[in-house]
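One structure is given below, encoded as structure tokens.
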Amino acid sequence: MNNSFLPNRREFLGRSLGLGALTALSTLTDFPLVMRQALAQSGLGQNGRKLIFIFLRGGNDSLNSVLPIEDDAYAASRPVIGIAKDPALDYSATGPADFPVSGGTKATFDYTYGIRTGNGFAALHPGLKFLAPVYNAGELALIHRVGYPHQSRSHFDSQNFWETGNPNNNLSRDGIFYRTILESGLANTSPLTGVSFQSSLPMILRGSKAAMTNLSDTGRYNLFGIPNTTAGNNKADATLRAAMGIPFPDKRDRDFLRLQYENLSNTLAIFASLNFSEAGNTYTDSENTDGDSEAYNLFPTAAPKNGGYTLHNNDASRFVVPAGSYDFFNRLKAAAIVLNKTDAVIAGTSLDGFDTHSNQGAATGSHANLMKTIGWAMYGLRRYFTKYGDKASWQNVTVVTLSEFGRTSIQNSDGGTDHAEAGVMFAAGGAIKGHGRSNSGHGVFGMSPADKFNGVAIPWTTGTTKAGSMFAQGGRYLKRAVDYRSVLGELIRDHLGATQAQLNRIIPGYVDPAENLRAGGICGIDTARIFGEVDLV
Amino acid sequence: MSATAPPHLPSLRVFHLCLLAWLASPAPAAHAYTFATPPPPELSVSTTNAGQIRVDWTLYPAVDTYRLWQSQSPGGPYSQVPWVTGGSGTVINSLAPSAFYRLEASPLDANSLLASTLLRRIAYGPTPDELERVRRIGPGAYLSEQLAPEAISEDLPHNRLSPTDGWIHVTATGTGSGSTLYLYLAEAGEGYIDDIQLVAGTVPEVGRNLVLNGDFELPLTATDWIVASNHLDSAVVTDVRHAGNGSLHVVATAGGTTRASAIVQDLTPALTSTATYTLSYWWLPSKTYPAPFSARLSGSGITSSPGTIRDLLEAGTGNINDLRAFHLLNAIHSRKQLLEVLLQFLDNHFVTQYSKTADHLDGQYPDNGEQYVAAQLEYRELQRWREALLNPKCTFLDLLKVSAESPAMIIYLDTVGSKGNGSNIANENYARELLELFTFGVDNGYDQRDIEEMSRIWTGWTIRFVAPGQESNPFATKSTVLKPGAPAGTTAVTDLFGTWSSVYNPAVHSTAAKNLFFTHDATGSQTEPKTYPGRFGPGYAGKPYSLTVPGRAGTNGLSEAYLVLAHLANQPFTQEFISVKLCRLLVHEEFRHGTYDYSAPDPSPEAALVKSCMDAWDSTEPKGQIRTVLRTILESDIFRGHGASGHKVKTPLEFVVSAVRALLSTGPTGMPTAVADGYFLRTPIRRAGNMDLFNRAEPDGFPEAGSPWISAGTLAERLRFVQAYLMPTSYPVKSGDAGATAADPVALVQVRLQAAQQRDTGAVADLVLDLLFAGEGRGNLEGYRQLAVNFLNTADDGITSSPFAGLTTTGSPSAYEIRLRGLVAMLLTTPRFQEQ
């Protein structure tokens, strides 16, 4: 913790109480009452707003997600993997995004051209077709050219930087949403606050002062005892709870372990009451989807729940998402249920497979499959929280994606792309100001020749030289115009309800005037021009 | 050392704390607080609501006993306070209202602590026998033994036994040397055999079957099979079978070889001694009581045994689950524990991904044959590191070369298709990770330009299916050696003999010069060689470490990569990063690379240890000998004192393997007290955080730190596994969570405790606590001990008295056995067993 100010709780408490920091090893569970009251007055975490994050691991190829189709350098740089223009369309026209309806009553992704966003310049990968309805409702922001100063092209560093909210700081050991929860004051009063559904707890929710919850398999969340009877299980459980409270000499991971054991105890009953089962996955669209004769399942977790599959004699070409994404949708469904049925504030999961160094494909192929997955995930979440909203309605939910970097503007010799710099973020939610609601009138931020926010104009420029936006960074990469912390910061403050003072602790970069994360201008760290916050909510 | 009275307790005069008999004098360190030298316990005194005096103290690591003394005067005499509420740092009554107190903390003896720490770091946790042995021979002897694995001889059960994941088809062709067929187990044990066929010729199962009742559809009779006395428990069973309705359950009480000790059939008509016959059968080994099986013709014209897991892997017919079982069973059983720990470390440091290899080869094999190739490439990598580590002078460069040359790596990080000729842009993936993850460590002495230059070095490194004998020829062309019956001119790998090997293809190599580790100006033009930063000390500071590799055409281009590997392997950046990773493996996770200033006068213990490792690295010829570095770490103060023991959380692999080992001894009947289901154990390891062995997707390898592995969901998986592991096999939920992995704590108690102690709750609790938490010290385990005693003496409601001593031992499982199993499982679920 050597940089400006991280809300390490021990320091935080020390300062708040007027004591020297690090006076003793704190017991870490019991926020003093005075602190708890102070924190509870904040709206953060208690304004009913919730957030879902999806980390796109591996570095999403942003230029093949939201593509600069009116920049001729795009097609020239990507002869194999590029997405072509629909010859019948004028991509400089403005208006709502296209939603190419499939022929007949067949909801597929037969459309292989770039889908017009209607901002007159950018297009969507055809796999993102189902983003169009969300976009046209004004509830989707596509934020391009997102990065941070001195971008790392290492997966591990860069994922850590995104997740800790502290770029270029390898000593930062806790996550940005972990700190959000800690600032909310809920961490030690509510058993369930930040939850992820993936193989292990991600850095973004990790920290040593409070336990966030990760579940890798929602169906295996009950414990055993010997004898394996109700009484025997209870005895094992009660004995273990007693064991958790027994003091031991202080060692490096012992506080952390104790918190995680307590978290396990506290959440067992909550999860037992939720229906994560496959049989319980009956959530369907609120209307017949894409012109087909029935409403589709919102969370495709098996072939019969994937698009019009069973409607059409188990025809796999009717899938709306690739069969390989069922596990992802199972986890996404669990995240949605937890936000909807419990007091949890932040839930999330990850989607892997974006490290497309070779044979990534174009309108079809491995990257296209990932695009379909993202498109349907956003579409499905919107429908779920609109139709089934309980503790969380779509109006109160924001979904945001993160990815550690974009990929090289020019394809490599393997039909793939390598690690690069700025990328794209998707943010969707009932309160998001997208198409028709944003200052620009469009839902695309950062991919237009007219890009200007907070008075800072960083227009997209075309061309194959370094003067072109696609090569503005070192002649090879997309250069950032938006800092990811400005996007997450705006969501944490204006959506989840943090005060600016809280946000300054959650994202320490906000304190540094040189960073210009809010107002934009010249970033003092690397002299890049950035927009600052782009007014998303 | 003294503490003054808290201001809110004015009635007490003075409190005095004196610590006697310290393990090591806690020398005041300039860096305020480290775990290597924890501060002494703090005493505090308060008054309870009931008006009693209460003394609390913080616990100190590895304390054997705490004693509290009181006196009316600081000079004494002190009298010991009778022990009342146990050793977890609180005493309430028998205290004078106003007194001086002294706490005496007797440490665990240094050898016991070090023995425990070693067994948790250079081994996958103690077994009862190893704990006893290392305490006896001393930690120094154990360390020396483990640093020289080539001198340890062992005969591992799984290297004699066949894989246990299902029926194995066995065939053998030979001559009709005799007309008696013998079936036997070479040791006491059991297994199942079905569908024996003996036919004339070389093709199995084609032609008349010369064996009577070889499908075991009928009970054995004297007209078909004659059973010798040691195999008398053998019988046809119907609940286990390969085909039809029955199989032969082969049970031996002692090993056999021939007519007097086998299951025998005299074949009629007699075989022709000059003719060729083929024997075939299906064999299912027991998971709990396996023994080597043989089928043999008299005269030994045909002898056959199901292959071992290693046989399968050597032959390339093992799959990834065979490899995982092999790796896990080695981790559990091998006496070369440090070697196994290092092999896992290397496989994880130089990570490759089984499924990416399989995907790469997809389409070249029918019936998922690529999966066997992919598994074999992982196995070959592992065996090459094993071979390298058996050399006393093994260097980091040796290990790095194994990885660089591994076809699995060439596929994993995309070198396989990378081209640098003409206008092609080389794939950067391997170059980046070679610097970031395998040698220098991230942000440590290189930049993007170095990665781009480096990526061109590796262009041309690819894989190819080469002819037998060409495996070590980097320029070998594709095999053209046809298998019998293959159509002439075919190029399908399934029609050819050969091996997937790494080769060099000069045609796609970038032949321009590569300038590594130079600085560049704003226009991208090369300026100066990069120089070592000052933090490496005066020996390095300011000196250049650039490397210019002239572009080489033709086969000479191959040498560029070896120049680079040799250049990287002993750079201080590499020394630092690899030393840090070894320290994280063996000491604790809070070591960093890229930040320590080794020229500073007062380094932290961590920085000082890394510096010692780097000095050790430089001290040998050739440089970078792994054993020297390991010894430096394992003999450091921070490792031997309180800086390591209990300061790490187990990975899922370490957790599962250590749970099996903790109870693995030999029971009173000669049977093991714990059985590992080598094929199942990958499942609990994967469930507890997706530790899918040999199949890590991300090139940073599985985390060494504990925090990424521990959350509510993964803890639930760990706890379920150990409970299921201790369940009797009759419980229906057991197999889904532990497979056939099982323990027999009753047998363990029987061999470790006198008969009278086997029902003594204190003796039983002490035994189990020692096996599981030896380095903690009895003084710190008092809380767990009370919990254990209470568990043993209460009914399932945890309240009603149900004395352990009175439980019946009859019944299967008996009430005594269930209570004991419950206790051991409960202790395995506690937070302390998550640590190493």
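Going down the list, the protein sequences come from chains A and B. Sequential numbering of the first sequence, starting at 409, is according to our numbering. Sequential numbering of the second sequence, starting at 1037, is according to our numbering. Think of the CB as a built atom: it goes at the ideal place given N, C-alpha and C, for glycine as much as any other residue.
Do you know offhand how far residue i's Cα is from residue j's?
| i | j | result |
| --- | --- | --- |
| Asp518 of chain A | Asp1231 of chain B | 53 Å |
| Leu1863 of chain B | Phe585 of chain A | 34 Å |
| Ser1082 of chain B | Val1623 of chain B | 38 Å |
| Leu1502 of chain B | Asn1509 of chain B | Here residue 1502 of chain B is Val; the residue named in the question, Leu, does not match the sequence. Rounded to whole angstroms, Val1502 of chain B to Asn1509 of chain B spans 9 Å at the Cα level. |
| Ala1774 of chain B | Val1696 of chain B | 11 Å |
| Asn468 of chain A | Phe762 of chain A | 5 Å |
| Leu383 of chain A | Lys458 of chain A | The requested residue 383 of chain A does not occur in the structure, where chain A is confined to residues 409 to 945. |
| Glu941 of chain A | His903 of chain A | 13 Å |
| Ile1854 of chain B | Gln1759 of chain B | 12 Å |
| Pro734 of chain A | Phe684 of chain A | Reading off the sequence, residue 734 of chain A comes out as Tyr, not Pro. Going by the C-alpha atoms only, they are around 14 Å apart. |
| Gly451 of chain A | Gly905 of chain A | 5 Å |
| Trp1261 of chain B | Gly1282 of chain B | 15 Å |
| Gly1587 of chain B | Glu1464 of chain B | 18 Å |
Return yes when the Cβ of residue j is within less than 8 Å of the Cβ of residue i, no when it is not.
| i | j | result |
| --- | --- | --- |
| Gly535 of chain A | Ala776 of chain A | yes |
| Met620 of chain A | Gly593 of chain A | no |
| Thr1709 of chain B | Leu1700 of chain B | yes |
| Thr1498 of chain B | Pro1542 of chain B | no |
| Asp934 of chain A | Pro575 of chain A | no |
| Arg888 of chain A | Gly555 of chain A | yes |
| Leu1670 of chain B | Pro1164 of chain B | no |
| Leu623 of chain A | Ala1748 of chain B | yes |
| Arg1821 of chain B | Leu1762 of chain B | no |
| Gly732 of chain A | Asn767 of chain A | no |
For a test of the three-state rule: what should DSSP assign to residue i, helix, strand or coil?
| i | result |
| --- | --- |
| Gly932 of chain A | coil |
| Leu1864 of chain B | helix |
| Asn804 of chain A | helix |
| Pro1226 of chain B | Correcting the residue identity first, residue 1226 of chain B is Glu in this sequence and not Pro. In the structure shown, Glu1226 of chain B sits in a strand (DSSP, three-state: E or B). |
| Ala369 of chain A | Here chain A comprises residues numbered 409 to 945, so residue 369 of chain A is not present and cannot be evaluated. |
| Tyr521 of chain A | coil |
| Gly756 of chain A | strand |
| Trp1421 of chain B | helix |
| Phe1136 of chain B | strand |
| Gln910 of chain A | helix |
| His1205 of chain B | strand |
| Gln567 of chain A | helix |
| Asn1460 of chain B | coil |
| Gly773 of chain A | coil |
Just confirm the distance between the C-beta atoms of residue i and residue j, as a whole number of angstroms; I'd bet it's less than 8 Å.
| i | j | result |
| --- | --- | --- |
| Val1860 of chain B | Pro1781 of chain B | 5 Å |
| Leu1803 of chain B | Leu1789 of chain B | 6 Å |
| Glu829 of chain A | His563 of chain A | Actually they are not in contact, since the Cβ atoms of Glu829 of chain A and His563 of chain A sit about 13 Å apart, beyond 8 Å. |
| Val1646 of chain B | Asn636 of chain A | Going by Cβ atoms, the distance from Val1646 of chain B to Asn636 of chain A rounds to 48 Å, so no, they are not a contact pair. |
Take residue i as the anchor and find which of the options has the nearest alpha-carbon.
| i | options | result |
| --- | --- | --- |
| Gly932 of chain A | A:Asn568, A:Leu944, A:Val942, A:Gly917 | A:Gly917 |
| Cys1619 of chain B | B:Leu1413, B:Phe1675, B:Thr1304 | B:Phe1675 |
| Leu1333 of chain B | B:Ser1215, B:Leu1666, B:Val1646, B:Lys1514 | B:Ser1215 |
| Phe1730 of chain B | B:Thr1393, B:Leu1762, B:Ile1746 | B:Thr1393 |
| Ile1746 of chain B | A:Ser580, A:Leu747, A:Glu670, A:Leu911 | A:Glu670 |
| Thr1750 of chain B | B:Pro1849, B:Gln1870, B:Asp1633 | B:Gln1870 |
| Leu925 of chain A | A:Glu898, A:Ala909, A:Gly905 | A:Glu898 |
| Glu1226 of chain B | B:Asn1195, B:Asp1736, B:Met1707, B:Pro1118 | B:Met1707 |
Looking at chain C, is there any beta carbon in it that lies within less than 8 Å of the beta carbon of residue i?
| i | result |
| --- | --- |
| Ile654 of chain A | Included in the structure are the protein chains A and B, with no chain C among them. |
Is the beta carbon of residue i within less than 7 Å of some heavy atom of the ligand GDP?
| i | result |
| --- | --- |
| Val509 of chain A | The ligand GDP is not part of this structure, which contains no ligands at all. |
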